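Below is one structure, written out as structure tokens, with a few remarks after it.
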Amino acid sequence: MDSETVQATFLFVIEVIGTIAFAISGIRLAATKKFDWFGAYTVGLVTAIGGGTLRDLLLDCTVFWMETWWYLAVTALSLAAVIVFRTFLVRRERILLMFDSIGLALFCVIGIEKTIHFGYPMWVAGIMGVITGAFGGVIRDILINEEPIIFRKDIYATACIAGAVVYWLTSLLVPTLPIVPPLACAAVVILLRVLALRYSLHLPVLIHRD
Amino acid sequence: MDSETVQATFLFVIEVIGTIAFAISGIRLAATKKFDWFGAYTVGLVTAIGGGTLRDLLLDCTVFWMETWWYLAVTALSLAAVIVFRTFLVRRERILLMFDSIGLALFCVIGIEKTIHFGYPMWVAGIMGVITGAFGGVIRDILINEEPIIFRKDIYATACIAGAVVYWLTSLLVPTLPIVPPLACAAVVILLRVLALRYSLHLPVLIHRD
Amino acid sequence: MDSETVQATFLFVIEVIGTIAFAISGIRLAATKKFDWFGAYTVGLVTAIGGGTLRDLLLDCTVFWMETWWYLAVTALSLAAVIVFRTFLVRRERILLMFDSIGLALFCVIGIEKTIHFGYPMWVAGIMGVITGAFGGVIRDILINEEPIIFRKDIYATACIAGAVVYWLTSLLVPTLPIVPPLACAAVVILLRVLALRYSLHLPVLIHRD
Chain A
1 MDSETVQATF LFVIEVIGTI AFAISGIRLA ATKKFDWFGA YTVGLVTAIG GGTLRDLLLD
61 CTVFWMETWW YLAVTALSLA AVIVFRTFLV RRERILLMFD SIGLALFCVI GIEKTIHFGY
121 PMWVAGIMGV ITGAFGGVIR DILINEEPII FRKDIYATAC IAGAVVYWLT SLLVPTLPIV
181 PPLACAAVVI LLRVLALRYS LHLPVLIHRD
Chain B
1 MDSETVQATF LFVIEVIGTI AFAISGIRLA ATKKFDWFGA YTVGLVTAIG GGTLRDLLLD
61 CTVFWMETWW YLAVTALSLA AVIVFRTFLV RRERILLMFD SIGLALFCVI GIEKTIHFGY
121 PMWVAGIMGV ITGAFGGVIR DILINEEPII FRKDIYATAC IAGAVVYWLT SLLVPTLPIV
181 PPLACAAVVI LLRVLALRYS LHLPVLIHRD
Chain C
1 MDSETVQATF LFVIEVIGTI AFAISGIRLA ATKKFDWFGA YTVGLVTAIG GGTLRDLLLD
61 CTVFWMETWW YLAVTALSLA AVIVFRTFLV RRERILLMFD SIGLALFCVI GIEKTIHFGY
121 PMWVAGIMGV ITGAFGGVIR DILINEEPII FRKDIYATAC IAGAVVYWLT SLLVPTLPIV
181 PPLACAAVVI LLRVLALRYS LHLPVLIHRD
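Residue numbers (full-length UniProt numbering), protein chains in the order written: chain A, 1 to 210; chain B, 1 to 210; chain C, 1 to 210.
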């Protein structure tokens with residue numbers, strides 16, 4: 001394999017890992033609501049592809065999952081895995097969280113680069129990075145009728161925002177090395193997620209007084 | 001009338017029946033939440049046209065209800081019917097369920113054929129059949145702030161999936177008779193709905209253990 | 001400044017006022033749910049731009065807030081204002097409601113005129129006026145997991161509908177004066193909001209009996 005094929009394969013493997021992690025998070029939440037298999041599959045699928053779907057509708061381009069059936073297949077495998085290996089998965093909470101962070105970082109980078117590719121300015125690309133990474137989970141929480149968890153708990157979408165800022169700064173600092181911004185962005189997202197989970201970091205809460 | 005006009009008229013009548021059934025289901029659920037007339041009308045309209053709207057946004061084509069005002073008019077008539085004949089409708093639960101199944105079958109076929117018409121493969125068409133038939137009800141349940149009922153109860157979206165599979169198989173088996181796949185698809189959807197309601201069939205539930 | 005610049009500046013100021021009022025309404029509701037700063041910002045932003053985003057997706061045109069960053073900036077200022085001047089804002093409930101009504105009226109007019117500009121008939125334009133003015137609040141209520149308030153309480157979306165009807169009638173009556181329909185529409189929306197708030201007007205509720 002030449003280096004381009006290696007890189008494409010590497011990105012594909014990462015995207016599968018991210019899709020599985022997102023789908024499993026949706027399917028497990030659906031299980032807490034006693035949804036049936038169809039409901040669990042749909043919630044898992046929407047968690048995995050919902051952010052990218054909203055991005056593609058806003059960018060007015062072909063919705064990415066309509067061009068290949070493997071997102072549907074990976075979600076089906078995730079559902080099968082949850083049904084068969086349930087107890088196993090519960091004990092692997094930390095691995096799932098790590099996969100989820102990797103998925104978040106990659107989805108964020110994909111959202112940023114796709115938007116730049118369509119000629120939008122960096123601030124739009126940053127928003128699309130946040131949407132691609134974090135809004136599948138928002139639609140998931142709407143479907144299971146809960147308040148979106150990323151609006152209340154720890155650093156999640158904010159990690160994408162920080163990643164987008166780093167993407168922008170590195171693209172200004174080293175315009176000749178196009179590989180640096182996506183790597184720096186992904187590293188920042190993952191680092192912030194790890195720190196947030198280890199030290200229970202969270203944003204200030206808006207206090208309500210009437 | 002020639003045979004083509006007869007067929008078009010027949011499809012139009014079926015679509016009106018389906019729209020009424022979907023709109024009434026939304027309006028009656030809105031009534032349980034004490035929504036006002038505008039809220040009930042909006043929920044009824046979204047139930048009837050929400051699935052097709054999501055389909056058309058994903059297909060990136062003109063949203064179907066923006067080309068003719070009769071979907072709005074039929075929903076207004078449904079609202080009037082619920083206000084005037086409320087007790088009458090409650091006693092006709094079985095007729096409404098039959099109308100709903102006919103609507104589900106037709107909306108599913110419309111979603112499949114429109115997607116194929118735009119050149120997408122069969123698996124995308126199947127998804128659009130499910131979305132057209134069943135996701136108006138999902139958006140309805142989001143608007144009334146309930147967990148989507150099709151994620152938890154009996155065979156509904158699954159009937160559309162089975163219908164789409166039958167559509168695909170019959171289109172392979174009898175490629176020379178384009179009338180067979182839609183009829184077989186609709187028959188399977190209606191049959192599965194009738195069986196699901198009579199024998200309380202449902203999909204397995206995903207059990208949650210932590 | 002010539003008269004056209006004056007008019008554009010006037011409209012811009014009104015739109016900023018409307019955006020601030022909508023964003024603050026979202027941010028304050030997010031505060032009652034103990035959302036963090038990101039959650040509050042997102043809910044505020046969606047309240048301000050959600051209706052117009054849905055409109056632009058349905059019209060299949062470039063989403064308006066992707067062409068200028070000032071909607072994001074105005075929402076950030078609104079969040080800062082809520083954090084810093086919280087008690088002050090609580091005491092200015094009436095001013096916020098007045099701003100909200102002005103925003104509703106302007107957003108409704110923008111939705112109508114943009115739709116007519118794309119060649120759609122008046123009934124589609126009316127729907128887009130309602131969506132632009134009132135559906136940011138619906139998406140807000142979905143995000144904070146509450147039943148949409150405009151489906152149950154006082155005259156809000158209905159004011160937009162009445163405004164759209166007046167827009168249509170005045171455009172038929174005085175086709176030579178294109179300034180009359182938007183002004184008449186906005187006046188009717190604001191008047192109906194003021195009357196609804198002062199006299200607690202509301203639509204009939206759909207009563208549920210089984």
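For every residue, glycine included, the Cβ atom is placed at its ideal position computed from N, Cα and C. As the structure is a prediction and not an experimental result, all values here were calculated from the model.
Limits of the unbroken alpha helix (DSSP H) element including residue i
{"i": "B/C185", "result": "180 to 198"}
{"i": "C/R28", "result": "3 to 32"}
{"i": "C/G103", "result": "93 to 117"}
{"i": "A/M128", "result": "122 to 143"}
{"i": "C/Y71", "result": "70 to 84"}
C-alpha distance - residue i paired with residue j, whole-angstrom precision
{"i": "B/Y156", "j": "A/L206", "result": "41 Å"}
{"i": "C/N145", "j": "B/T115", "result": "33 Å"}
{"i": "B/T176", "j": "A/G119", "result": "46 Å"}
{"i": "C/Y41", "j": "C/T19", "result": "13 Å"}
{"i": "C/L173", "j": "C/A8", "result": "26 Å"}
{"i": "B/A30", "j": "B/A21", "result": "14 Å"}
{"i": "C/A159", "j": "B/I17", "result": "31 Å"}
{"i": "A/D154", "j": "A/L195", "result": "10 Å"}
{"i": "A/T132", "j": "A/R86", "result": "28 Å"}
{"i": "C/C104", "j": "A/R94", "result": "As written in the sequence, residue 104 of chain C is Leu, which differs from the Cys given in the question. When rounded, the distance between both Cα atoms is 47 Å."}
{"i": "C/A73", "j": "C/G111", "result": "22 Å"}
{"i": "A/F38", "j": "B/W123", "result": "16 Å"}
{"i": "C/T62", "j": "A/S25", "result": "33 Å"}
{"i": "B/A80", "j": "C/G52", "result": "30 Å"}
{"i": "B/D2", "j": "B/W70", "result": "24 Å"}
{"i": "C/D56", "j": "B/M66", "result": "13 Å"}
{"i": "B/H117", "j": "A/L169", "result": "46 Å"}
{"i": "B/S171", "j": "B/P121", "result": "13 Å"}
{"i": "B/L192", "j": "B/M128", "result": "19 Å"}
{"i": "B/S78", "j": "A/L201", "result": "52 Å"}
{"i": "C/V84", "j": "A/V84", "result": "52 Å"}
{"i": "B/V13", "j": "B/Y199", "result": "29 Å"}
{"i": "residue 217 of chain B", "j": "B/V6", "result": "Outside the displayed span of chain B (1 to 210) sits residue 217 of chain B, for which this structure offers no information."}
{"i": "C/L203", "j": "B/A134", "result": "30 Å"}
Coarse secondary structure for residue i, derived from DSSP in three states
{"i": "C/V174", "result": "coil"}
{"i": "B/D60", "result": "coil"}
{"i": "A/D36", "result": "strand"}
Supposed close pair residue i, residue j - CB separation, criterion 8 Å
{"i": "C/G126", "j": "C/A186", "result": "Actually they do not touch by this definition, with Cβ atoms about 14 Å apart."}
{"i": "A/P181", "j": "A/Y167", "result": "5 Å"}
{"i": "B/E15", "j": "B/L106", "result": "6 Å"}
{"i": "B/L45", "j": "B/A23", "result": "7 Å"}
{"i": "C/G137", "j": "C/I149", "result": "7 Å"}
{"i": "A/L197", "j": "A/L59", "result": "At roughly 31 Å, the Cβ-Cβ gap does not stay under 8 Å, so A/L197 and A/L59 are not in contact."}
{"i": "C/F35", "j": "A/F99", "result": "Actually they are not in contact, since the Cβ atoms of C/F35 and A/F99 sit about 26 Å apart, beyond 8 Å."}
{"i": "B/V130", "j": "B/I102", "result": "Actually they are not in contact, since the Cβ atoms of B/V130 and B/I102 sit about 17 Å apart, beyond 8 Å."}
{"i": "B/V82", "j": "B/R28", "result": "6 Å"}
{"i": "A/V43", "j": "A/C108", "result": "With a Cβ gap of about 22 Å, A/V43 and A/C108 do not count as contacting."}
{"i": "B/T75", "j": "B/A48", "result": "6 Å"}
{"i": "A/K33", "j": "B/E147", "result": "6 Å"}
Chain F residues whose Cβ lies nearer than 7 Å to that of residue i
{"i": "A/V124", "result": "The structure shown contains no chain F; its protein chains are A, B and C."}
>> Please identify, using Cβ separations under 8 Å, the residues of the segment 33 to 57 of chain B that lie next to chain C, in order along the chain.
In response: K33, K34, F35, D36, W37, F38, G39, A40, T42, V43, T53, L57
> Which residues, taken in chain order from the segment 60 to 71 of chain B, show a beta carbon closer than 8 Å to some beta carbon of chain C?
Replying inline: D60, T62, V63, M66, W69
> If contact means a Cβ-Cβ distance below 9 Å, which residues of the segment 157 to 175 of chain C contact chain B?
Replying inline: A157, T158, I161
>> Against chain B, which members of the segment 183 to 204 of chain C pass a CB distance test of less than 8 Å?
In response: H202, L203, P204
> Taking a cut of 9 Å between CB atoms, which residues from the segment 96 to 114 of chain A lie near chain C?
Replying inline: none
> the segment 140 to 152 of chain A: which residues have C-beta closer than 9 Å to a C-beta of chain C, in chain order?
Replying inline: D141, I142, N145, E146, E147, P148, I150, F151, R152
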